[in-house]
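Position 65 of the sequence shown, counting from 1, maps to 120 under the working numbering, and the rest follow consecutively. In this text, a Cβ means the ideal position worked out from N, Cα and C, and glycines have one as well. Structure first, then comments.
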Amino acid sequence: MTAHAPQAPTDWSIQEIARLAGTTSRTLRHYDAIGLLAPSRVGHNGYRYYDGPALVRLQRILLLRDLGVGLPAVAEILERDGEASPAVQARALRTHLDALRAERQRLARQIASVERTITTMEGGGRLMADEMFDGFDHTKHEAEVTERWGADAYRTGDTWWRGLSAQDKAAYQERTRQLGADWTAAAQSGIAPDGDEAQVLARRHVEWLSSIPGTPGHGGAPVKEYVVGLGEMYVADERFAASYGGVEGATFVRDALVVYAGRNL
56 MTAHAPQAPT
66 DWSIQEIARL
76 AGTTSRTLRH
86 YDAIGLLAPS
96 RVGHNGYRYY
106 DGPALVRLQR
116 ILLLRDLGVG
126 LPAVAEILER
136 DGEASPAVQA
146 RALRTHLDAL
156 RAERQRLARQ
166 IASVERTITT
176 MEGGGRLMAD
186 EMFDGFDHTK
196 HEAEVTERWG
206 ADAYRTGDTW
216 WRGLSAQDKA
226 AYQERTRQLG
236 ADWTAAAQSG
246 IAPDGDEAQV
256 LARRHVEWLS
266 SIPGTPGHGG
276 APVKEYVVGL
286 GEMYVADERF
296 AASYGGVEGA
306 TFVRDALVVY
316 AGRNL
């Protein structure tokens, strides 16, 4: 008898895809809920499965997210492509590939820059500023901020941040860190999002938001939709959720902010 090699799977479970893509089942379910990525089929046991085209779509989503594109813009891009042919999708992926290669070059320059700094310091040589900061880019969030709130918001916030002294920057970062830590502790304590303790945190959070130039409502009361939208973003975007102890903590923050916004904004 001739031995046959096992056939490759035609689809994969949500747990497999979450593991392979370095994301979570919760995130994939959220992508489905907002119409960004539906499973190709749902088994009789309720398990979600994803086929090849779904994987290509997920790869594009993750690439766009890594480039700093917000979820609404990702949805618009994928909707614009519609039922594009594989050739058209391949061209879109090639654009992503070019961006990834540029990022790889930037990281290589950063590595070389830091290595030169270490060598110079260990050898007692003279540090050269133009060499120390080769490859560094402090405007990496420009695309995301511009997409969400406009170019003026980015320019205003960037000018404000660059104008702060080192001491003021450290104080702001500590305020942000402490707020995140307090949110995480509150979420883990089991208190209700609409309770007094959570609402005090929500007020602190809104005051923190209003202190940032370039944000909607700066200097006064932040726009209600802005606060509620940020809460949703905290849950949907794992980068932000991490500041609040993960998705569960971010969900608690979102729910508390929704209550606060409804009562006060």
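Practice item. Under the assumption that A316 contacts Q254 (Cβ atoms under 8 Å), give the Cβ distance between them as a whole number of angstroms. Key: Taking the first residue of the sequence shown as 1, we reach residue 316 at position 261. Taking the first residue of the sequence shown as 1, we reach residue 254 at position 199. Incorrect: roughly 11 Å between the Cβ atoms, too far for contact.
**Study point:** Pair within 8 Å by beta-carbon distance, G304 and T214
**Key:** Stepping through the sequence shown from its first residue, residue 304 is reached at position 249. Stepping through the sequence shown from its first residue, residue 214 is reached at position 159. For the 8 Å CB-CB criterion, G304 and T214 do not form a contact.
Review point. If we ignore side chains and look at the alpha-carbon of each, how far apart do E177 and S298 end up?
Key: The residue labelled residue 177 in the question sits at position 122 within the sequence shown. The residue labelled residue 298 in the question sits at position 243 within the sequence shown. Near 36 Å, if we compare the C-alpha coordinates of S298 and E177.
Check your understanding: How many angstroms separate the CA atom of L234 from the CA atom of G107?
Key -> Working through the sequence shown from its first residue, we reach residue 234 at position 179. Working through the sequence shown from its first residue, we reach residue 107 at position 52. Distance between the alpha carbons of L234 and G107: 42 Å.
Exercise for review: Put D251 into one of helix, strand or coil per three-state DSSP.
Suggested key: In the sequence shown, counting from the first residue as 1, residue 251 sits at position 196. Assigned with DSSP and collapsed to three states, D251 falls in helix.
Review point. Rounded to a whole number of angstroms, what is the C-alpha to C-alpha distance between R74 and G245?
Key: Position 19 of the sequence shown, counted from the start, is the residue given in the question as residue 74. Position 190 of the sequence shown, counted from the start, is the residue given in the question as residue 245. For R74 and G245, the distance between alpha carbons rounds to 29 Å.
Check your understanding: Are R81 and P94 close, meaning C-beta to C-beta below 8 Å?
Key -> Translated into the one-based positions of the sequence shown, residue 81 becomes position 26. Translated into the one-based positions of the sequence shown, residue 94 becomes position 39. No, the pair does not count as a contact, with Cβ atoms beyond the cut-off.
Check your understanding: Are the beta-carbon atoms belonging to V129 and L91 less than 8 Å from one another?
Key -> As a first step, residue 129 must be located in the sequence shown, where it is residue number 74. As a first step, residue 91 must be located in the sequence shown, where it is residue number 36. Yes, the Cβ-Cβ distance between V129 and L91 is below 8 Å.
Point to revise | S68 - DSSP class collapsed to helix/strand/coil | key: Taking the sequence shown and counting its residues from 1, the one referred to as residue 68 is at position 13. Three-state DSSP puts S68 in a strand.
Check your understanding: How many Å lie between S266 and H260 at the Cα?
Key -> By 1-based counting over the sequence shown, the position of residue 266 is 211. By 1-based counting over the sequence shown, the position of residue 260 is 205. The straight-line gap from Cα to Cα measures roughly 10 Å.
Practice item. Name the two residues that bound the continuous alpha helix (DSSP H) containing D87. Key: Sequence index remark: in the sequence shown, residue 87 carries index 32 (1-based). Per DSSP, D87 belongs to the alpha helix (DSSP H) from S80 to A88.
Exercise for review: Look up Y102 in the DSSP assignment and say whether it is helix, strand or coil.
Suggested key: Start at 1 with the first residue of the sequence shown, and residue 102 comes out as number 47. Reduced to three states, the DSSP call for Y102 is coil.
Review point. Nearest CA to the CA of V308: which residue from P268, G250 and Y227?
Key: As a position in the sequence shown, residue 308 is number 253, starting the count at 1. V308 has its Cα closest to that of G250, out of P268, G250 and Y227.
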